[in-house]
Amino acid sequence: MNRAIRRVSVAAMVMVVALMLQLTNVQVFQANSLKQDPRNSRMLLDEFSRQRGQITADGQVLAVSTPADGLVPWQRSYPDPDSVPFAPVVGYYSLQYATAGLEQTQDSFLNGSDDRLWSERLRGFLSGRTPQGGNVDLTLEPAGQHAAYDALQRGVGQGPLTGSVAAVRPSTGEILSLASSPSFNPNDLTSGDDASRSAAMEQLSSDPGQPLLNHATQVSLPPGSIMKVITAAAALESGMTPNSPVSGANNTLLPGTSTYLENYAGSTCGGGTTTFMNAFALSCNVPFVESAPTIGQEKFADVASRFGFDGNAPDIGMPATGSGLGTIGDDAQFAMSTIGQSDVRATTLGAAMMAASVSNNGMRMKPQLIRRLQAPNLSTVEEMKPEEAGEAVSPEIASTLTDMMKASEAHSGGGIPGVEIASKTGTAEHGEGDSSVPYTWYIAFVPGRDVAVAVCIESGPGITSDTVGATVAGPIGREVLGALLGGGQ
Amino acid sequence: MLDSIRQRRQAGNEGGRWSEIGLLLFAVIIVGFAAAVTMMSLEQSITVDLLWLLAGYFGLLAIAHAAVRIFAPYSDPYLLPCAALLNGIGLVVIYRLDLAEQAMDPENASFDVVRQLMWTLLGIVAMVVTLIALRDHRILAKFGYTLGFAGLVLLAIPTILPSRFSEINGAKNWILLPGFSIQPGEFSKILLIISMAAILVSKRSLFATAGKRVFGLDLPRARDLGPVLLAWMLSLVVLVFNSDLGTSLLIFATVLTMIYTATEKVSWLLIGVVLFAIGATFAYFTFGHVRVRVETWIDPLGFYDGTGYQLSQGLFGLATGGVGGTGLGNGRPQQVPFANTDFITASIGEELGLIGLIAVMLVYAIFIMRSIRIALSVRDSFGKLLATGLAFTIAVQLFVVVGGVSRLIPMTGLTMPFVAYGGSSLLANYIILAILLRISNEARTPTPAVASPAMPPAAASPGAGRRAGA
C-alpha cells in the first residue's frame, strides 16, 4: 500500500506546485495587463487617494490637488486666471474622461509611481503615510503665455482666432510660450458635478475649433513663405549670395508643366532682375521656384531636415506632431515645396524652432517644455539640460539669413520701437478657389536677445482670403516678443 | 503510575512536543506581528482589541497543545502548528477585512473575526473531544457502514430541505437554523472518508482480485466496480441537487484516490478518469451553471459585468499584490465579493503578495506531507487509508479553491482549509486534524520496553510498519 501512498503524495505535491506556478503566472506575468485593465478600479482609487503633484511655471501654480470631501479624497483644480491660457499644455485630469496634455504624459511622475520617485515611496512606506506625487515645473514664461493667448483672443478686434503661438529661447530650446486658441477651462472637466462635466465635454468635443487639441504642437499645416528661410539657406549653401541676381518677373513656368506660378497677388518683384536679398524681403515666389533646380531635391531635403523638418515629432514631454516635407514627387511639386506649399507641413513649434536655429548662430537646440521634475519636498529630481539637436546651418549662413530676415521685417511694416527684429511672413494657400482662407504665418527673432517666436493663424472672424502673414500673424508675434523681452529678461 | 509519568516525560522529548511548543510560539509571533502591522496601517495605533484577540488566539493554542500532550503525546508535532499558523493568518485577514467594512459602513459593520475566533474555540474543543473520545482510530473501522450512511444522510439533508433552509448564494449545501447554520458537506466528507477506508479494508481482497487483462491493464471485475460507481453517482447527485461543484469534485477525487491506494491498481484511476469525463461532459451540457463556470473560467474579463465580476476582481487583487504584496492594510481586498470566504486567497495574494501566498501553500504542503508520512508509517491498513484520504482531501480542497481563484481551473466554491471564514469548515478541519493526530500517535508510540520480548520479532523491527501495510 505504501507504494500507492507515495504516488498519492507525489500527486498532492504536483497539485501544490501547479498552484504555485499559476499564482506566479497571475501575479508576475499577467500582473501588468491586469493592473492596467481600465476596469481595475484599484489603480484609479489608489491614484485618487494620493496627493497628486503640482504643475508649475516660473513659480505659478497651474495644476494643484486640494483635499476634498467627496467620493475621492483629492480634488484636482487649475487655478484661474491661468487655467484657460495654459490648458492646451497642462491638459486635464478627470475621473470620467481620464487625462490629457501634461497631466497624461507626466502622469506616472505626478501620481508618484515613477521610478525616479522610489526614495520618496520608500520614505512613505517607512513612515506609514501615503506617498505624494512629484511636481512638474515648466519652462513657460507666464507673461509670454498670457500675451500670446490674449493676442489670439483679441484677433483683429472681432473675436478669438483659431491659431497658435510658440515662443522659444534659441540658445537653450526652452519653450517660453505655447498658446493655442480656442482653449478651454479644465476645471469644467474635473468638476464634481456629473451633468455639468459631461455637458462641458460634449460641447468641447463638438467645437469645430477643436479646443482640446494643442494647435501649437499637434496641428501641422502648409507653412507657405516662412519655408523660404530653409530654401534660402539651401540656396546660400548651393553658392548663391544675397546679391545674386534673380528674376524680378511676376510669373514663371512650373518645371515639367504648362502651369504658370505667380508671385503673391500676381505682383512683380521689381521687374527685370533683382537681388536674392530683395526677393526674400518681398517674398517673391518666382526666384525661389527658379532656384529649385540649382539646389536640387537632395540638398533641399538635407537642409530642411537639419532645421528639424524631418517628419519626426519632437520629444517635449507631451503629444506633438512633426514638421516635414512630406512626399516630393515631380519637379513641379519640388518647386512648390520650396515656397512651403505642395506637401510641406509645419507645426507652430516647428516653425519657431526654425527661427530659433537661425537666431542661435545656426545651431538647432531640442525644444524642451519641462524645466525640472521635483520630489514632493521640492528637491530637484531631474533638471532640464539644453541639448543640441544639430547644426542647421553654419554661423556665416545664419548671419546672412539674419540680415535677409531683418530686411523682410522692414518690408512687412513692423518692428518694436528700439528693437530690431528678424522675421519672415508666410501665407499658405490651401483648398480650392478664392473663398478659402489662407493660413497666415509669422516667424521672428530678436538678434542678440535670445528669443524667437512663431505664429500661425488658421481662421477666425476678420480673417479673409486677402489676409496675409504680415497683417494678422506679424503683430501678434511682435506683441509676444515684446512681452517676453519686457517681462522675461 | 510512575511508569506512566516516565512515559509522558519521555513522550515530551521523543514525541516532539517541545518542537511543537516552539513552532506554536513561532506561529503566535508571526500572527501577532501581522495583526500589529494591520492595525498600524489601518487604525494608525495599536489598541487593546489586538491584545484581546491575540490573547484569545494564544490561549486556544495553549489548550490545544495541552490536550495533545495529554491525549496524544507521541503524535506528529508539525500538524498542529501548521493548522494554528493557517488559522491565525486567516484571523488576521478576516480582521483586516472587518476593518475595511467598518471604515465603509460603521453602522452595519459586523465583526466576523470575533465569530471566527469563537469558531476556532469550538474547533479546538471538537479536536480535544475527538482526541479524548477516540482513543484508538481502529475503532472507527467497525462503523464503516453506519458512518457512511450518516454521511449520506447529512449530505442529503440540504437537498431535501426547502431552499430557504438550505440555500445561500445559489448553492444548496447549507442547513440554516435560527441562530446558526452549518455546511453538512464539510462533515459528511469526513464520515465518507472513514466509511470508505473501513469498507475498502474489509473488502480489500475483493478489489485486488484481477478481472480481465486488457492492453496490459488488470481490469476489475464488474461487481467490484460498485464503490467507484457509487462515488461517481454520489458526486453527480451532489452536483445536481445541491449545485455544489466543489464538494462533488472533492468526494469523487478522494474516493478514487483511496480505492487506488487500497488496491494499487492503476486501472481504477483510468476508470475514474473516464467516469469523471463522462460526468463532467454530462454536467456541462445539462446544467446552465456548470456552463457558466466554464465560460467564466475561459474569459473572466469577458463576463466582467456579470458572472465574471468576482473572478476578475480576484485576479485584479492578485495582480495588484504582485510579488511582494501591498502590505497588510494597504491593499483593497474588500473590492472582491466574498473576500473573507471563497476569495480569501485573493485577499492574501493582494496584501502579502506572491511571496505570502507561496508561504501559505508551503505550510499546506508541510501539513499534507506530514499527514501522508503518517499514512506511510502507521501499521494498520485502515489507518493508512484513512490518513491518506484525509491528507488528500485537504490537498484537493486547496487545489480546487486556490486553482479556482487563480483561474487554473473553473471556480467551484470551496473554503480554504483553516484559513477561510466559516464555522463548519473550521470545525471539520480541526476534527480532521484530531484524527490525523490520533493515527500519528499510534504510529509514533515507541514499543514499550517490557512488551518487546513478548512481541514477534517481525512486528518490532523497524521495517514492520511498511510490510504490515503493504
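Protein chains in written order, with my numbering: chain P, 694 to 1182; chain H, 147 to 616.
Built from N, CA and C at the ideal position, the CB exists for glycine as well.
Query: Spell out whether any CB of chain H is found under 8 angstroms from the CB atom of P:Q723.; Result: yes
Query: For H:I397, which three-state DSSP category applies?; Result: helix
Query: Buried or exposed, going by whether 16 or more other CB atoms sit within 10 Å of the CB of H:G609?; Result: Here H:G609 scores only 42 on pLDDT, less than 50, and its place in the model is too uncertain to base an answer on.
Query: Say whether chain H places a C-beta atom closer than 8 angstroms to the C-beta of P:R816.; Result: no
Query: Roughly how many angstroms lie between the CA atoms of P:A859 and P:L795, to the nearest whole one?; Result: 17 angstroms
Query: Could you tell me which residues DSSP puts in a beta bridge with P:P915?; Result: Note: P:P915 sits in no beta bridge, so no partner.
Query: What's the C-alpha gap between P:E1172 and P:E1151?; Result: 18 angstroms
Query: Skipping 5 residues on each side, what residues in its chain have a beta carbon closer than 7 angstroms to that of P:A925?; Result: F973, L1094, M1097
Query: Since P:R1057 is in the beta strand (DSSP E), which residue starts that stretch and which ends it?; Result: 1056-1058
Query: Does any residue of chain H bring its CB to less than 8 angstroms from the CB of P:L738?; Result: yes
Query: Any contact between the stretch 1067-1078 of chain P and the stretch 845-859 of chain P? By contact I mean 3 or more CB pairs, one from each, below 8 angstroms.; Result: no
Query: Out of H:I336, H:V259, H:Q480, which has the shortest C-alpha to C-alpha gap to H:Q456?; Result: H:Q480
Query: Verify whether the separation of the beta carbon atoms of P:N878 and P:A780 is less than 8 angstroms.; Result: yes
Query: Return yes when the Cβ of H:I577 is within less than 8 angstroms of the Cβ of H:A272, no when it is not.; Result: yes
Query: Taking the C-alpha atoms as reference points, what is the distance between H:V383 and H:F398?; Result: 11 angstroms
Query: Could you name each continuous alpha helix (DSSP H) segment of 4 residues or more that falls completely within the stretch 1061-1117 of chain P, going from the start of the chain to the end?; Result: 1088-1104
Query: Mind checking if H:L554 is an interface residue toward chain P, Cβ cutoff 8 angstroms exclusive?; Result: yes
Query: Are the beta-carbon atoms of P:G1010 and P:R1038 separated by less than 8 angstroms?; Result: no
Query: Locate the beta strand (DSSP E) running through H:V239, then write down its first and last residues.; Result: That residue, H:V239, is in no beta strand (DSSP E); its alpha helix (DSSP H) goes 225-250.
Query: H:A606 by DSSP, collapsed to three states: which one?; Result: Unreliable placement is indicated for H:A606, whose pLDDT of 43 sits below 50; no coordinate value is reported for it.
Query: Under a CB-based cut-off of 8 angstroms, is H:T407 close to chain P?; Result: yes
Query: At 3 residues or longer, what runs of the beta strand (DSSP E) sit wholly inside the stretch 735-797 of chain P?; Result: 748-750, 753-760, 767-770
Query: Would you say P:S702 reaches chain H, if we count a Cβ-Cβ gap shorter than 8 angstroms as a contact?; Result: yes
Query: Measure the alpha-carbon distance for P:G965 versus P:A942 and round it to whole angstroms.; Result: 6 angstroms
Query: Let me know the secondary structure DSSP gives P:A1006 once reduced to three states.; Result: coil
Query: Buried or exposed, going by whether 16 or more other CB atoms sit within 10 Å of the CB of P:S898?; Result: exposed
Query: Going straight from the alpha carbon of P:T910 to that of P:P1012, what length do you get?; Result: 7 angstroms
Query: Quick one: give me the first and last residue of the alpha helix (DSSP H) that H:V271 is part of.; Result: 258-279
Query: Just checking, does the stretch 987-998 of chain P make contact with the stretch 952-968 of chain P on the three C-beta pairs under 8 angstroms criterion?; Result: no
Query: Using only alpha-carbon positions, find the residue among H:G290, H:T466, H:F564 that is nearest to H:M507.; Result: H:F564
Query: Kindly list, in the order they appear in chain P, the residues whose Cβ is closer than 8 angstroms to that of H:M617.; Result: The question about residue 617 of chain H has no answer here: the residues shown for chain H are numbered 147 through 616.
Query: Between which two residues does the alpha helix (DSSP H) harbouring P:R862 extend?; Result: Where P:R862 is concerned, there is no enclosing alpha helix (DSSP H), although the beta strand (DSSP E) it sits in stretches over 855-862.
Query: Using a Cβ-Cβ distance cut-off of 8 angstroms, determine whether H:R478 contacts chain B.; Result: Of the chains in the structure shown, none is chain B; the protein chains are P and H.
Query: Can you name the residues of chain H whose CB is closer than 7 angstroms to the CB of P:R743?; Result: Neighbours of P:R743 on chain H: none; closest Cβ ~12 angstroms, over 7 angstroms.
Query: Since P:T966 is in the beta strand (DSSP E), which residue starts that stretch and which ends it?; Result: 966-968
Query: Could you confirm whether any beta carbon from chain P is found closer than 8 angstroms to the beta carbon of H:L346?; Result: no
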